[in-house]
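Novice: Shown below is the structure under consideration.
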């Protein structure tokens, strides 16, 4: 009783709440949405926060609207829990909004009915949606909503929902919108009437290929049209005007002409290989032979379809729009034969495909799934895993009750190996079930309970799954319940974790922020090396930008607030101590090599300081051991014609580099340049054999005696 009172008090004082209304039929949503904005504005005017999300509903998905009633009587619609109305905000505002919605729903239940009408699928998209009017405008004009069948449905039924006296307006509006569309038709089977496998079969192949290639969607986008393909070859084209419809038809006709039967080759492939072809084989075949592979969906009963495209890379390939030459067709056939041989070699390299049922109680299916996943992960790279279906549910989406068996399908040797593994696993699970009552209780330090549980229970849940036991923690006691061997293994793991946590040490190091970048290293290389070597965690304080960038990283534990100069080393005492010592040694090294200075030089001296290919600058760096940064042309530009060269390193290296650059700068600043006109015929004489005359003149004038410096003279 006291607990209920406490929960009631807490509930009353909770500032905000979230509520989902799952009991309201989606057919009412458009009518409720008309009042949505008004409700939120009224709440804001009263100083209350209210957010309301009503899903748009003009296309049914899993649950079709009910049948049309007699005499336009009110219809009882069924709720769809997957599409709830969501309310959030102040508790009182949410409660009032919920009450108002339910009151309005009661009125709609007495007012609304529906009428069904049939219309060509190609005209549906021009009623409401991206290519039609908006549902809001449709309702404003007719007082009705409209519900269309989903994209993959064959239904042509359109449902109009509204008051009985307004339904005819809704129906008339739909006819107006649909009749405004222009249509054209194209029988693609006629373009290849002499196809070796028959015109209808080739039309079906073209349809599969162009749909998989999304070529029809591209044509629709280009021409503002809708193309309704039919496997028989009779395609319908709809557009807002006749010109667009005819242009789309012409473009489509050219596309079909560019894909004669010589480009296509169906291949019968066991469905076991379909997944491998989708994930790997198709890409290899396209890259190697220029052949696109159309793999049927699991629900399709169709062969694999090979279509020759081009040797050009797939992203650059443009669908052809002209009839190929006879020579082209011969190259198509060779590539298709090579691709077919590639697939044949894949299948012949394995034993025959077999199917085998393994008796497995339904209660073990989840554990068997995890066991199968581990088995598949351990397979050699490139081996195709055995297909596994649980409880006879071979096709996705089947809703039948699961049967107590698991079906294996694949090459016989692969199936035999997995079957043997499963039988042993299931037998062990049956034995474990007899020992589920075994319980171990032992002490575990309460101060480490959060570490064992983990963020949102992720650690303890992982242990429960890994060891197949139940683990409970309470008041310094750990209780493990499950099969004896697994419980003991889990106990050893938990106690070992406790010992490691007991031995854990945390060091807080005071390291000035300007040295953090050097200690972390490029891309975190330095700190990651320390963490891997000593099995510890090193946390540097995050900058504001880094915190924003990492705010959405999954699994990143929240760090306690760190000071700007605080670096935290945490881990086993031995590793933490060693990591601390190395980190401090690195800090001292960085400090010793972080002396900096600048030298001012003439801007036009920079090329001679750098030298051809940077050789002069590299020589100075090697001789002094300092890091010398020369500004680029844009950075060097200044009003006084001077540039700042930055030097960094140990004090000795910095002083040596500074002295060397200053000496070169003084020579350059004291230098005088004079130009003399000498006829070209005298140049060779002045230079002399191998530059001997020029070298002698330079040295007599007091110039440098190093030959590499004469090149600048």
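Residue numbers (the numbering used here): -9 to 703. We put the beta carbon where it would ideally sit given N, CA and C, even for glycine.
State the Cα-Cα distance for the pair residue 605 and residue 669, rounded to the nearest angstrom.
Specialist: Position 615 of the chain shown, counted from the first residue, corresponds to residue 605. Position 679 of the chain shown, counted from the first residue, corresponds to residue 669. Cα to Cα, residue 605 sits roughly 33 Å from residue 669.
Novice: Please report the residue range of the alpha helix (DSSP H) in which residue 298 lies.
Specialist: Taking the chain shown and counting its residues from 1, the one referred to as residue 298 is at position 308. Residue 298 -> not in any alpha helix (DSSP H); beta strand (DSSP E) instead, spanning 294 to 298.
Novice: Using beta-carbon positions only, say whether residue 283 and residue 267 come within less than 7 Å of one another.
Specialist: Mapped onto the chain shown, residue 283 falls at position 293. Mapped onto the chain shown, residue 267 falls at position 277. Contact: yes.
Novice: May I have the straight-line CA-CA distance separating residue 678 from residue 684, to the nearest angstrom?
Specialist: If you number the chain shown from 1, residue 678 lands on position 688. If you number the chain shown from 1, residue 684 lands on position 694. So the alpha carbons of these two residues sit roughly 7 Å apart.
Novice: Based on Cα-Cα distance, which residue from 438, 477, 178 lies nearest to residue 457?
Specialist: For the purposes of this step, residue 457 is taken as the residue at position 467 of the chain shown. That would be 477, whose Cα lies nearest to the Cα of residue 457.
Novice: How would you call residue 571, buried or exposed, if buried means at least 16 neighbouring beta carbons within 10 angstroms?
Specialist: Within the chain shown, the letter at position 581 stands for residue 571. Exposed.
Novice: Drop a sphere of 10 angstroms on the beta-carbon of residue 689, count the other beta-carbons inside from all chains shown, and report buried for 16 or more, exposed for fewer.
Specialist: Along the chain shown, read from residue 1 onward, the residue named residue 689 stands at position 699. Classification for residue 689: exposed.
Novice: For residue 160, which residues from the same chain have a beta carbon less than 6 Å from its beta carbon, with the 5 sequence-adjacent residues on both sides left out?
Specialist: Position 170 of the chain shown, counting from 1, holds the residue named residue 160. These residues qualify, in order along the chain: 132, 134, 150, 152.
Novice: Here's a check: name, in chain order, each residue in its chain whose Cβ is nearer than 6 Å to the Cβ of residue 299, leaving out the five neighbours to either side.
Specialist: Stepping through the chain shown from its first residue, residue 299 is reached at position 309. Closer than 6 Å at Cβ, skipping near neighbours: 280, 282, 307.
Novice: Going by C-alpha distance, which of 317, 563, 644 is nearest residue 612?
Specialist: Locating residue 612 in the chain shown gives position 622, counting from the first residue. The residue with the shortest Cα to Cα distance from residue 612 is 644.
Novice: So what's residue 52 in DSSP terms, helix, strand or just coil?
Specialist: Position 62 of the chain shown holds residue 52. Coil, per DSSP.
Novice: Could you pull the DSSP bridge partners for residue 253 from this structure?
Specialist: Translated into the one-based positions of the chain shown, residue 253 becomes position 263. None; residue 253 has no bridge partner.
Novice: Residue 417 to residue 425, Cα distance in whole Å?
Specialist: Start at 1 with the first residue of the chain shown, and residue 417 comes out as number 427. Start at 1 with the first residue of the chain shown, and residue 425 comes out as number 435. Each residue's Cα considered, the two are about 13 Å apart.
Novice: So, helix, strand or coil for residue 416, using DSSP?
Specialist: Within the chain shown, residue 416 is the residue found at index 426, counting from 1. Residue 416: helix per DSSP, three-state reduction.
Novice: Does residue 17 pass the burial test, meaning 16 or more other C-beta atoms within 10 Å, or should it be called exposed?
Specialist: Taking the first residue of the chain shown as 1, we reach residue 17 at position 27. Looking at its Cβ environment, which holds 16 or more other Cβ atoms inside 10 Å, residue 17 is buried.
Novice: Check for me: the alpha helix (DSSP H) holding residue 173 runs from which residue to which?
Specialist: Taking the first residue of the chain shown as 1, we reach residue 173 at position 183. Looking at the DSSP string, residue 173 is not in any alpha helix (DSSP H); the run it does join, the beta strand (DSSP E), is 172 to 177.
Novice: Could you check the C-alpha separation between residue 301 and residue 186 for me, to the nearest Å?
Specialist: Here the question's residue 301 lines up with position 311 in the chain shown. Here the question's residue 186 lines up with position 196 in the chain shown. Cα-Cα distance, rounded: 25 Å.
Novice: Considering only the alpha carbon of each residue, which of 195, 96, 274, 139 lies closest to residue 221?
Specialist: Looking up residue 221 in the chain shown gives position 231. The candidate whose alpha carbon is nearest that of residue 221 is 195.
Novice: Could you say which of 614, 519, 217, 204 lies nearest to residue 176 if we only look at CA atoms?
Specialist: The count along the chain shown starts at 1 and reaches residue 176 at position 186. Residue 217 is the option with its Cα nearest to residue 176.
Novice: Within 10 Å of its beta-carbon, does residue 561 have 16 or more other beta-carbons around it, so buried, or fewer, so exposed?
Specialist: For the purposes of this step, residue 561 is taken as the residue at position 571 of the chain shown. It counts as buried.
Novice: Look up residue 630 in the DSSP assignment and say whether it is helix, strand or coil.
Specialist: As a first step, residue 630 must be located in the chain shown, where it is residue number 640. Note: residue 630 maps to coil in three-state DSSP.
Novice: Output the distance between the C-alpha atoms of residue 510 and residue 141, rounded to the nearest integer angstrom.
Specialist: Mapped onto the chain shown, residue 510 falls at position 520. Mapped onto the chain shown, residue 141 falls at position 151. Cα to Cα, residue 510 sits roughly 53 Å from residue 141.
Novice: Measuring CA to CA, which of 348, 263, 297 is closest to residue 339?
Specialist: Along the chain shown, read from residue 1 onward, the residue named residue 339 stands at position 349. The shortest C-alpha separation from residue 339 is found at 263.
Novice: Could you give the first and the last residue of the continuous beta strand (DSSP E) run that contains residue 346?
Specialist: For the purposes of this step, residue 346 is identified with residue 356 of the chain shown, where counting begins at 1. Run containing residue 346: 343 to 349, per the beta strand (DSSP E) assignment.
Novice: Tell me, please, whether the stretch 160 to 173 touches the stretch 188 to 205 by the rule of three or more beta-carbon pairs shorter than 8 Å.
Specialist: Judged by Cβ distances under 8 Å, the stretch 160 to 173 makes no contact with the stretch 188 to 205, as fewer than three pairs qualify.
Novice: Specify the secondary structure class of residue 480 as computed by DSSP and reduced to three states.
Specialist: Against the chain shown, residue 480 aligns to sequence position 490. Residue 480 falls in the helix class under three-state DSSP.
Novice: Going residue by residue through the stretch 68 to 129, where are the continuous beta strand (DSSP E) segments of at least 3 residues, counting only ones entirely within it?
Specialist: The stretch 68 to 129 contains these whole beta strand (DSSP E) runs: 75 to 80, 103 to 108.
Novice: Which of helix, strand or coil does DSSP assign to residue 0?
Specialist: Stepping through the chain shown from its first residue, residue 0 is reached at position 10. Bear in mind that the predicted position of residue 0 carries a pLDDT of just 47, short of 50, making it unreliable; the figure below should be weighed with that in mind. If DSSP states are grouped into helix, strand and coil, residue 0 belongs with the helices.
Novice: Measure the alpha-carbon distance for residue 619 versus residue 636 and round it to whole angstroms.
Specialist: Numbered from its first residue, the chain shown carries residue 619 at position 629. Numbered from its first residue, the chain shown carries residue 636 at position 646. The straight-line gap from Cα to Cα measures roughly 5 Å.
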